[in-house]
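Asks: Here you go, one structure.
Residue numbers (this note's numbering): 1078 to 1212.
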(Lines of atoms letter the chains of each structure in order from A and count residues from 1; the text may use other names and numbers.)
(Lines give C-alpha, C1' and ligand atoms only; values in the text may rest on other atoms or scores of the structure.)
Protein backbone atom coordinates (compact mmCIF):
# COMPACT_ATOMS: atom_id res chain seq x y z
CA UNK A 1 0.00 0.00 0.00
CA UNK A 2 1.71 3.16 -1.23
CA UNK A 3 -1.30 5.42 -0.77
CA UNK A 4 -0.47 9.09 -0.21
CA UNK A 5 3.25 8.37 0.02
CA UNK A 6 4.45 11.28 -2.10
CA UNK A 7 5.86 9.06 -4.84
CA UNK A 8 7.54 10.99 -7.60
CA UNK A 9 7.11 10.12 -11.25
CA UNK A 10 10.45 8.31 -11.22
CA UNK A 11 9.79 6.38 -7.98
CA UNK A 12 6.33 5.32 -9.16
CA UNK A 13 7.83 3.94 -12.37
CA UNK A 14 10.54 2.10 -10.42
CA UNK A 15 7.95 0.43 -8.17
CA UNK A 16 5.76 -0.62 -11.10
CA UNK A 17 8.76 -1.94 -13.03
CA UNK A 18 10.02 -3.87 -9.99
CA UNK A 19 6.63 -5.57 -9.71
CA UNK A 20 6.88 -6.76 -13.33
CA UNK A 21 10.24 -8.49 -12.89
CA UNK A 22 10.38 -12.24 -13.16
CA UNK A 23 10.51 -13.83 -9.74
CA UNK A 24 8.79 -10.92 -8.02
CA UNK A 25 6.37 -12.05 -5.32
CA UNK A 26 2.79 -12.22 -6.60
CA UNK A 27 0.85 -9.10 -5.73
CA UNK A 28 -2.95 -9.03 -5.58
CA UNK A 29 -3.57 -5.44 -4.47
CA UNK A 30 -1.79 -2.31 -5.73
CA UNK A 31 -2.68 0.95 -3.98
CA UNK A 32 -1.12 4.09 -5.42
CA UNK A 33 -4.04 6.37 -4.46
CA UNK A 34 -3.36 10.01 -3.58
CA UNK A 35 0.03 10.14 -5.30
CA UNK A 36 -0.38 13.16 -7.51
CA UNK A 37 2.86 12.88 -9.50
CA UNK A 38 2.19 9.61 -11.33
CA UNK A 39 2.25 10.55 -15.00
CA UNK A 40 3.57 9.02 -18.20
CA UNK A 41 6.23 6.45 -17.37
CA UNK A 42 4.67 5.08 -14.16
CA UNK A 43 1.31 4.63 -15.84
CA UNK A 44 2.84 2.90 -18.84
CA UNK A 45 4.72 0.65 -16.40
CA UNK A 46 1.48 -0.02 -14.49
CA UNK A 47 -0.17 -0.93 -17.79
CA UNK A 48 2.62 -3.43 -18.46
CA UNK A 49 2.28 -4.73 -14.91
CA UNK A 50 -1.44 -5.35 -15.41
CA UNK A 51 -0.78 -7.05 -18.74
CA UNK A 52 1.92 -9.31 -17.29
CA UNK A 53 0.54 -10.11 -13.83
CA UNK A 54 -2.74 -12.00 -13.75
CA UNK A 55 -2.67 -12.06 -9.94
CA UNK A 56 -3.56 -8.38 -9.44
CA UNK A 57 -7.19 -8.12 -8.42
CA UNK A 58 -7.37 -4.53 -7.15
CA UNK A 59 -5.82 -1.33 -8.45
CA UNK A 60 -6.38 1.94 -6.60
CA UNK A 61 -5.40 5.12 -8.41
CA UNK A 62 -7.92 7.41 -6.73
CA UNK A 63 -6.94 11.08 -6.35
CA UNK A 64 -3.80 10.77 -8.49
CA UNK A 65 -4.70 13.67 -10.77
CA UNK A 66 -4.83 11.33 -13.76
CA UNK A 67 -5.90 13.02 -16.94
CA UNK A 68 -7.17 11.71 -20.27
CA UNK A 69 -3.69 11.05 -21.68
CA UNK A 70 -2.48 9.24 -18.57
CA UNK A 71 -5.52 6.98 -18.60
CA UNK A 72 -4.99 6.03 -22.22
CA UNK A 73 -1.51 4.73 -21.32
CA UNK A 74 -2.90 2.78 -18.38
CA UNK A 75 -5.85 1.27 -20.24
CA UNK A 76 -3.58 -0.37 -22.82
CA UNK A 77 -2.64 -2.97 -20.21
CA UNK A 78 -6.16 -3.88 -19.20
CA UNK A 79 -6.90 -6.51 -21.84
CA UNK A 80 -5.28 -9.44 -20.06
CA UNK A 81 -5.97 -8.11 -16.60
CA UNK A 82 -7.78 -10.08 -13.89
CA UNK A 83 -8.74 -6.93 -11.98
CA UNK A 84 -11.90 -7.21 -9.94
CA UNK A 85 -11.72 -3.65 -8.58
CA UNK A 86 -10.49 -0.57 -10.41
CA UNK A 87 -10.61 2.69 -8.46
CA UNK A 88 -10.10 5.80 -10.57
CA UNK A 89 -12.21 8.07 -8.38
CA UNK A 90 -11.51 11.79 -8.13
CA UNK A 91 -9.39 12.02 -11.28
CA UNK A 92 -10.18 14.22 -14.28
CA UNK A 93 -10.71 11.44 -16.82
CA UNK A 94 -13.00 13.59 -18.91
CA UNK A 95 -14.74 12.44 -22.05
CA UNK A 96 -11.55 11.19 -23.76
CA UNK A 97 -10.42 9.15 -20.76
CA UNK A 98 -13.90 7.66 -20.42
CA UNK A 99 -13.94 6.88 -24.15
CA UNK A 100 -10.56 5.14 -23.84
CA UNK A 101 -11.86 3.04 -20.95
CA UNK A 102 -15.08 2.25 -22.83
CA UNK A 103 -13.04 1.18 -25.88
CA UNK A 104 -10.89 -1.10 -23.73
CA UNK A 105 -14.00 -2.64 -22.18
CA UNK A 106 -15.56 -3.16 -25.61
CA UNK A 107 -12.39 -5.00 -26.69
CA UNK A 108 -12.96 -7.42 -23.81
CA UNK A 109 -10.71 -5.83 -21.20
CA UNK A 110 -11.41 -6.46 -17.53
CA UNK A 111 -13.53 -9.60 -17.90
CA UNK A 112 -13.43 -10.21 -14.11
CA UNK A 113 -14.35 -6.63 -13.16
CA UNK A 114 -16.82 -6.44 -10.28
CA UNK A 115 -16.35 -2.85 -9.09
CA UNK A 116 -15.43 0.27 -11.03
CA UNK A 117 -15.13 3.49 -9.02
CA UNK A 118 -15.48 6.62 -11.11
CA UNK A 119 -17.02 9.22 -8.84
CA UNK A 120 -15.79 12.80 -9.28
CA UNK A 121 -14.18 12.05 -12.67
CA UNK A 122 -15.80 14.78 -14.82
CA UNK A 123 -17.11 12.24 -17.34
CA UNK A 124 -20.09 14.14 -18.66
CA UNK A 125 -23.38 12.68 -19.82
CA UNK A 126 -22.31 11.20 -23.18
CA UNK A 127 -19.16 9.58 -21.82
CA UNK A 128 -21.08 8.18 -18.86
CA UNK A 129 -23.63 6.58 -21.19
CA UNK A 130 -20.82 5.21 -23.39
CA UNK A 131 -19.18 3.61 -20.36
CA UNK A 132 -22.43 2.09 -19.16
CA UNK A 133 -23.03 0.58 -22.58
CA UNK A 134 -19.51 -0.87 -22.61
CA UNK A 135 -20.07 -2.60 -19.29
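Note that CB positions come from ideal geometry on N, CA and C, so glycine has one too.
#1: So who's on the other strand from residue 1137, going by DSSP bridges?
#2: Cα separation between residue 1208 and residue 1194?
#3: Taking the CB atoms as reference points, tell me whether residue 1141 and residue 1170 lie closer together than 9 Å.
#4: In terms of residues, what are the limits of the alpha helix (DSSP H) holding residue 1132?
#5: Mapping the DSSP letters down to three states, classify residue 1153 as helix, strand or coil.
#6: Since residue 1211 and residue 1182 are thought to touch, with beta carbons under 8 Å apart, how far apart are those beta carbons, to the nearest angstrom?
#7: So what's residue 1192 in DSSP terms, helix, strand or just coil?
#8: Is the distance from the Cβ of residue 1160 to the Cβ of residue 1187 below 9 Å?
#9: What is the rounded straight-line gap between the Cα of residue 1135 and the Cα of residue 1206?
#10: Would residue 1163 and residue 1190 qualify as a contact pair, given that the criterion is a beta-carbon distance under 9 Å?
#11: Does DSSP put residue 1199 in a helix, a strand or coil?
#12: Between which residues of its own chain and residue 1199 is the CB-CB distance below 6 Å, once the five residues before and five after are set aside?
Replies: Let's see:
#1: 1108, 1164
#2: 12 Å
#3: no
#4: That residue, residue 1132, is in no alpha helix (DSSP H); it is neither H nor E in DSSP.
#5: coil
#6: 4 Å
#7: strand
#8: yes
#9: 24 Å
#10: yes
#11: coil
#12: 1169, 1171
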